[in-house]
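A.B. asks:
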Amino acid sequence: MKNIIIITGASSGIGQEFALQIDTAFSNIDEIWMIARREERLMEVGKVMEHKVKMISMDVTDEYAMDDFEELLEKEDVTVRMLINAAGFGLMGPFDELSLEEQTDMLYVNCEALTKMTYICLPYMARGSRIIQMASAAAFVPQQDFAVYAATKAYVLSFSRALNQELCDYGLYVTAVCPGPVNTEFFQIAEQYGSTLEIKKLTMITSEQCVSEALYASYRKKDMVIPGIPMKAFAMLTKIVPQGLILKIAKMMKK
116 MKNIIIITGA
126 SSGIGQEFAL
136 QIDTAFSNID
146 EIWMIARREE
156 RLMEVGKVME
166 HKVKMISMDV
176 TDEYAMDDFE
186 ELLEKEDVTV
196 RMLINAAGFG
206 LMGPFDELSL
216 EEQTDMLYVN
226 CEALTKMTYI
236 CLPYMARGSR
246 IIQMASAAAF
256 VPQQDFAVYA
266 ATKAYVLSFS
276 RALNQELCDY
286 GLYVTAVCPG
296 PVNTEFFQIA
306 EQYGSTLEIK
316 KLTMITSEQC
326 VSEALYASYR
336 KKDMVIPGIP
346 MKAFAMLTKI
356 VPQGLILKIA
366 KMMKK
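Numbering-wise, the sequence shown is residues 116 to 370 according to the working numbering.
1. Is the beta carbon of MET173 closer than 9 Å to that of ALA180?
2. Could you tell me which uninterrupted beta strand (DSSP E) segments, each at least 3 residues in length, are contained entirely in the segment 191-224, listed from first to last along the chain?
3. When you compare the segment 232-243 with the segment 205-222, are there three or more beta-carbon pairs, one atom per stretch, that lie closer than 8 Å?
4. Could you give the distance in angstroms between the alpha-carbon of LEU71 and the alpha-carbon of THR290?
5. Mind checking whether ASP338 and GLN280 have CB atoms under 9 Å apart?
6. Determine the DSSP secondary structure at GLY309, reduced to helix, strand or coil.
7. On the CB-based measure, 16 or more other CB atoms within 10 Å of its CB, does GLU155 come out buried or exposed?
8. Excluding the five sequence neighbours on either side, which residues of its own chain have a C-beta within less than 7 Å of the C-beta of ALA253, listed in chain order?
9. List the endpoints of the continuous alpha helix (DSSP H) containing LYS347.
10. Do you know how far the Cα of MET116 is from the Cα of ALA348?
11. Quick check: ILE121 and MET249, are their CB atoms within less than 9 Å of each other?
12. Within the continuous beta strand (DSSP E) that includes MET290, where are the two ends?
13. Roughly how many angstroms separate the alpha carbons of PHE210 and VAL224, rounded to a whole number?
14. Can you check which of these residues, SER214, ARG245, ILE246, LEU229, is closest to TYR270 by C-alpha distance?
15. Using a beta-carbon distance below 9 Å, is MET173 in contact with chain B?
16. Taking Cβ to Cβ, would you say THR123 is nearer than 9 Å to ALA201?
17. Is the separation between the beta-carbon of GLU328 and that of VAL292 shorter than 9 Å?
18. Taking C-alpha atoms, which residue in THR299, ALA332, ASP182 lies nearest to GLY205?
19. Count the other CB atoms, across all protein chains shown, that sit within 10 Å of the CB of ARG245; report buried if there are 16 or more and exposed otherwise.
20. Return the CA-CA distance between GLY309 and GLN259, expressed in angstroms with no decimal places.
21. Does the distance from the C-beta atom of MET164 to that of ILE147 stay below 9 Å?
22. With a threshold of 16 other CB atoms inside 10 Å of the CB of ALA305, please say whether the residue is buried or exposed.
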């Protein structure tokens, strides 16, 4: 039986960084399964990996592709030692100015696909297996011009922490990762129709730091981790200051 790690969104950004750090840090893994839409980007990452890699080019929102992936798990004799749901994206801008298709796509990728992948992989996990879900500091408070994205990440955070409570008695642990801005191509996509507050960019951390803190929190069986000191402070602030006041202050800062 092969011990495997599954990473979605593995062709770039945080997902790619997970693949690279796991490749050097985990010696008891037989294969790393890397999932992403962009096959050529997967190939580039796979070339520098030391572990045996299975590259799966698929769209996690495609129901037929997910069915095929479930069949692949059934066919292979594997134990999923870690599932990392890193696929996701965001778009900034007023709700009524972004297209309905783009915003529902956020729901499908960030929430529905993550939930399906978790459900599909659970039967192949064993005591000691881990799940890492990429949430966001945007989960802590509603965000103007980031309404749908922040709502999807609030779902991921709530789902992950609840699931951790359900599974921990069986020796399975779920960690929600809640970073603020991370230095990846995320903002190149997100800012097509709007821009973020400059103060957010000042708190940006590297993908290396984000992933390192996420893996350490997973190792320690934490149900949530907030990478970076500025976002830890922000999370504390949201517990002290009423959300309505935070929203008003953020609105004034955008003017």
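We treat Cβ as the ideally placed atom computed from N, Cα and C, and that holds for glycine.
Just so it is clear, the structure is predicted and the values come from calculations on it, not from any experiment.
C.D. replies: Per the coordinate set shown:
1. Mapped onto the sequence shown, residue 180 falls at position 65. Mapped onto the sequence shown, residue 173 falls at position 58. Yes.
2. Counting only runs of 3 or more residues that sit fully inside the segment 191-224, the beta strand (DSSP E) segments are 193-200, in chain order.
3. The segment 232-243 vs the segment 205-222: no contact.
4. Residue 71 lies beyond the residue range present for the chain, which begins at 116 and ends at 370; the question has no answer from this structure.
5. As a position in the sequence shown, residue 338 is number 223, starting the count at 1. As a position in the sequence shown, residue 280 is number 165, starting the count at 1. Their beta carbons are under 9 Å apart, which means ASP338 touches GLN280 by this criterion.
6. Along the sequence shown, read from residue 1 onward, the residue named residue 309 stands at position 194. Interpretation of GLY309 is limited by its pLDDT of 49, a score under 50 that renders its predicted location unreliable; the figure taken from the coordinates is listed afterwards. Taken through DSSP and simplified to helix, strand or coil, GLY309 comes out as coil.
7. Taking the first residue of the sequence shown as 1, we reach residue 155 at position 40. Under this definition GLU155 is an exposed residue.
8. Working through the sequence shown from its first residue, we reach residue 253 at position 138. Apart from sequence neighbours up to five positions away, the residues of its chain that approach ALA253 with a beta-carbon distance below 7 Å are PHE261, TYR264, ALA265, LYS268, ordered along the chain.
9. The residue labelled residue 347 in the question sits at position 232 within the sequence shown. 344-355 is the extent of the alpha helix (DSSP H) around LYS347.
10. In the sequence shown, counting from the first residue as 1, residue 348 sits at position 233. In the sequence shown, counting from the first residue as 1, residue 116 sits at position 1. One C-alpha to the other measures close to 44 Å.
11. The sequence position of residue 121 within the sequence shown is 6, counting from 1. The sequence position of residue 249 within the sequence shown is 134, counting from 1. At a Cβ-Cβ threshold of 9 Å, ILE121 and MET249 do not count as neighbours.
12. Stepping through the sequence shown from its first residue, residue 290 is reached at position 175. Residue identity differs from the one stated: residue 290 is Thr in this sequence, not Met. Residues 288-292.
13. Looking up residue 210 in the sequence shown gives position 95. Looking up residue 224 in the sequence shown gives position 109. Going from the Cα of PHE210 to the Cα of VAL224 covers about 18 Å.
14. Your numbering for residue 270 matches position 155 in the sequence shown. Of the candidates SER214, ARG245, ILE246, LEU229, the one whose C-alpha sits nearest the C-alpha of TYR270 is LEU229.
15. No chain B is present in this structure, which holds just one protein chain.
16. Within the sequence shown, the letter at position 8 stands for residue 123. Within the sequence shown, the letter at position 86 stands for residue 201. Yes, the Cβ-Cβ distance between THR123 and ALA201 is below 9 Å.
17. For the purposes of this step, residue 328 is taken as residue 213 along the sequence shown, with counting starting at 1. For the purposes of this step, residue 292 is taken as residue 177 along the sequence shown, with counting starting at 1. For GLU328 and VAL292, yes; Cβs fall inside 9 Å.
18. Numbered from its first residue, the sequence shown carries residue 205 at position 90. Looking at the Cα atoms, THR299 is the closest of the given residues.
19. Counted from its first residue, the sequence shown places residue 245 at position 130. Looking at its Cβ environment, which holds 16 or more other Cβ atoms inside 10 Å, ARG245 is buried.
20. Reading the sequence shown from its first residue, position 194 is the one you call residue 309. Reading the sequence shown from its first residue, position 144 is the one you call residue 259. Any reading at GLY309 is ruled out, since the residue's pLDDT is 49, under 50, leaving its predicted position unreliable.
21. Taking the first residue of the sequence shown as position 1, residue 164 is located at position 49. Taking the first residue of the sequence shown as position 1, residue 147 is located at position 32. MET164 places its beta carbon less than 9 Å from that of ILE147.
22. Here residue 305 refers to the residue found at position 190 when the sequence shown is read from its first residue. Bear in mind that a pLDDT of 48 at ALA305, under 50, signals an unreliable position, so the number given afterwards is only what the model happens to contain. Burial call: buried.
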